[in-house]
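Residue numbers (the numbering used here), protein chains in the order written: chain Z, 794 to 1264; chain F, 794 to 1264.
Where a beta carbon is used, it is the ideal one built from N, C-alpha and C, also for glycine.
Data block below; observations after.
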């Protein structure tokens, strides 16, 4: 989003429409359509996390969307956390249902109901399953496409059960690691914090969260990892025979990622010309545009097809744009849509056995030898990924303010601190890291700064309270 | 399912559980869980149809699951076809909704609402989109896993809009062709018929349907292609400017395939020992079982790992079963789960540079030279696919009875015909093809035979009325 922060919201809405990612003109607030181009970004992004989960022993499965009221209400804290935002199905045809059915807001209860049937003895553990599904929240707040939806079209939720507390702890670590790698693959910098007690997932022992910072300086939660302890296991009777013949309840974790990761790819990397997509999620990684000079059209088209076939064969997502419009319009279209590399093929280059490459991320144009095509493309892709990450890191870091480690011994100091935090949040925006002080770590403080406490985070070996205005 | 027809239903329920495909013990009738193994079969099967659709210019997208009541009710015939089986969301939290929301039973109405926003002029056409989503029917009939569900977990629905009637007709042909190829890839024989007027899709001009025949002799509808004409287009105002500057409404088609294709793979190919999976959808295509003789364990394990790595590298879905249980139990497990090829590696074979292959479909065991591993695997896979198809064809054909082309001029003849059809359906079961006679082609006749009229089908150049007992 370049340097302009003020109009981010407008820019974001605009790009979703113009780059054909998501159409929000559906007649239900908070429900929209993933358009084909957006759908592909979603597909490639979630393919990355699917592979990471598969490689670490997670199994993809698919659980029902409807949850009977009594099942959802079984875990007391959990239902309290959701009861105002659950959609209820009350009728089948004209017939009132005996038991109301909830549209899943998340799937702890249906999955743990099934786990009870699967867990008898310690050798049945661990269970590590995940699904990628739609979930629903009756949002009363202002909705935003891919950020705050009533139908969350893409929720990747993983659920695990273990024989020991230590195994569950290790699973939390594994999950954090997977998410770190995933966001890194997408060039999305994050701040990892332990959410405060008053903001943890309903029913969890504790919640670890990934927040990123959007170009308007507000943070967005884009991933969470929960250690559920034995809370749900006791409610759902996930009791098993231990190795030494005793009985215990399973130790559980769960962790999720949603459409917000797509919103973040768009928001963090884009600029005033449109999308800038990391090559690994770009629906079109390379667009080939023949420059058709009169009388030499055939030379350019033949070369374009040759290059297209070479790249296609190597598995690149490549497109030959042979529309009958001026090259300049094609350039704009593909810059808007964020294709990482553009290849221009004109008669002079072809004669000199050169190929002109254009990088969407930096706007650089340069030539390579025709013989070096594959190396040139591979190197450029790697360089693009690196540059995209560096830029995003730089911008996110510029939004982080680390406060000095002063002792806040008396109330005057605390008031000064509050004023200081409020000032930074108003002017520089972003995240303020306040040296950890247990006297500050409460809801009263959160209220006084008129912002959110993200939680406790570590930075250079020190503990901080991270605060920010959030989405 | 071998030769036993009587206990198909029991066999089917049993195999879903034992082969870990689908767990139906969820506390809502008609809602269940795709277990990891079943999920993978689903994934590979739908990957095949996705590729076929992508290659023929269809774009995958994702539309909302909730449909406002007024939108669903817009096309009169359409809603009449569904109103008894629609689930209604009436509340968000404790708040009654202003407009009731339907869980999509199918997505004509939401998709065509959006198409209105996308179609202005003939160059906007054709539009060919599809999605793979969950849909819902409040079934009052007996539900059956993957066959008759309340949550249809997998519905691949394609929707198209065209500038001319002819284009829509051609689209119907393309769709039929895609489905033909798809079912052929899975070795599922089908009967294609034009559904009778009284059984076409609500709102369509006509419906073409794919039925297969299950081992119990009942038919199952596993794919439909609808020509919608301009019915929906007029309701949803899909008006566009034609090439010659006039106005017209779009011509539309839609076509769908569901979880029933998974049920068919299981039902049509399996036998008394369990699943027999076509290699292209088998989660494990090749299982390697080292035969560990005392003192020679290392030789077998090393060779097993070597073979595993060779096959893995070539892209096969291969598993080395190194569990500490007897080989016989492993054999049974993987025969139950339908792995197409088993490789047994014992010390004597290894010494002789031989590899023993076992084919799940025929039960044959044979040796190949170690050096011929890849060729041997490829040839065997091809042969398995061929044999699976042939067997399924044979069985389905054995269920088809073609009646003589007698003229049924008077009522006595018609009554004799009815008796004859009833007798065949009771004894031989399957599909009866009755030479087309317009006097027979009505609901009264359907009632009299106490079975279903599938529709009109062609066989050896003649037209028949196809009738059967259906799922």
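Per DSSP, the unbroken beta strand (DSSP E) holding residue 1245(F) starts and ends at 1245-1252. Residue range 1012-1022 is occupied by the beta strand (DSSP E) that includes residue 1019(F). Residues of the segment 1116-1128 of chain Z with a Cβ closer than 7 Å to any Cβ of chain F: none. Residue 881(F) sits buried, since 16 or more C-beta atoms from the chains shown fall within 10 Å of its C-beta. Only residues of its own chain outside the window of five on either side were considered, and among them 822, 823, 942, 943 have a CB closer than 7 Å to the CB of residue 936(F), listed in chain order. In the DSSP secondary-structure assignment, residue 1051(Z) is bridged to 948(Z). Within the segment 815-846 of chain Z, the residues whose Cβ lies closer than 9 Å to any Cβ of chain F are, in chain order, 816, 818, 819, 820, 821, 824, 825, 826, 827, 828, 829, 830, 831, 832, 833, 835, 836.
Boundaries of the beta strand (DSSP E) harbouring residue 986(Z): 984-987, taken from the DSSP string. Excluding its 5 nearest sequence neighbours in each direction, residue 958(Z) has C-beta neighbours in its own chain below 7 Å: 1044, listed in chain order. In this model, residue 1149(F) and residue 1174(F) are separated by some 15 Å (Cα to Cα). Scanning 1234(F), 803(F), 886(F), 997(F) for the CA closest to the CA of residue 873(F) turns up 997(F). If you draw a straight line from the Cα of residue 1038(F) to the Cα of residue 913(F), it is about 12 Å long. Ranking 1030(F), 852(F), 895(F), 931(F) by CA distance to the CA of residue 910(F) puts 1030(F) first. The C-beta of residue 1086(Z) comes no closer than 8 Å to any C-beta of chain F.
Segment contact: the segment 1187-1197 of chain F against the segment 1223-1237 of chain F, three or more CB-CB distances shorter than 8 Å; contact assigned.
Residue state for residue 1045(Z) is assigned as strand, using DSSP reduced to three classes. Taking all protein chains shown into account, residue 1047(Z) has 16 or more neighbouring C-beta atoms within 10 Å of its C-beta and is therefore buried. One finds 829 in chain F with Cβ atoms closer than 7 Å to the Cβ of residue 852(Z), taken in chain order.
Within the same chain, Cβ atoms closer than 7 Å to the Cβ of residue 1092(F) are found at 1140, 1143, the five residues on either side in sequence being excluded. With a cut-off of 8 Å on Cβ pairs, the segment 918-931 of chain Z is in contact with the segment 948-958 of chain Z, counting three or more such pairs. Against chain Z, the CB of residue 804(F) has no partner CB under 8 Å away; the residue lies outside that interface.
Close to residue 922(F), with beta-carbon spacing below 8 Å, are these residues of chain Z in chain order: 829. Restricting attention to beta strand (DSSP E) runs no shorter than 3 residues, the segment 909-984 of chain F encloses them at 920-929, 944-955, ordered along the chain.
With respect to chain F, the C-beta atom of residue 886(Z) has a partner C-beta closer than 8 Å. Annotation: the continuous beta strand (DSSP E) that includes residue 1259(Z) extends over 1255-1261. Closest by C-alpha distance to residue 1058(F), out of 1185(F), 918(F), 891(F), is 1185(F). Scanning chain Z for C-beta atoms nearer than 7 Å to the C-beta of residue 856(F) yields 826, reported in chain order. Membership of residue 1102(Z) in the alpha helix (DSSP H) is indicated by the continuous run 1090-1106. Closest option to residue 1145(Z), judged by alpha-carbon separation, among 845(Z), 1164(Z), 1151(Z): 1164(Z). Nearest to residue 1246(Z) by C-alpha distance, out of 1254(Z), 1077(Z), 1211(Z), 1255(Z), is 1211(Z). Taken in chain order, the members of the segment 873-884 of chain F whose beta-carbon sits within less than 7 Å of a beta-carbon on chain Z are 876, 877, 878, 879, 880, 881, 882, 883, 884. Taking the CA atoms as reference points, residue 1060(Z) sits about 19 Å from residue 974(Z). Note on residue 804(Z): 16 or more other CB atoms within 10 angstroms of its CB, so buried under the neighbour-count rule.
No Cβ of chain F is located within less than 8 Å of the beta carbon of residue 1102(Z). Setting aside the 5 residues that flank it on each side, residue 1087(F) has no residue in the same chain whose C-beta is closer than 7 Å to its C-beta. Of all residues in the segment 900-914 of chain F, those with a C-beta nearer than 8 Å to a C-beta of chain Z are 903, 906, 907, 910, reading in chain order.
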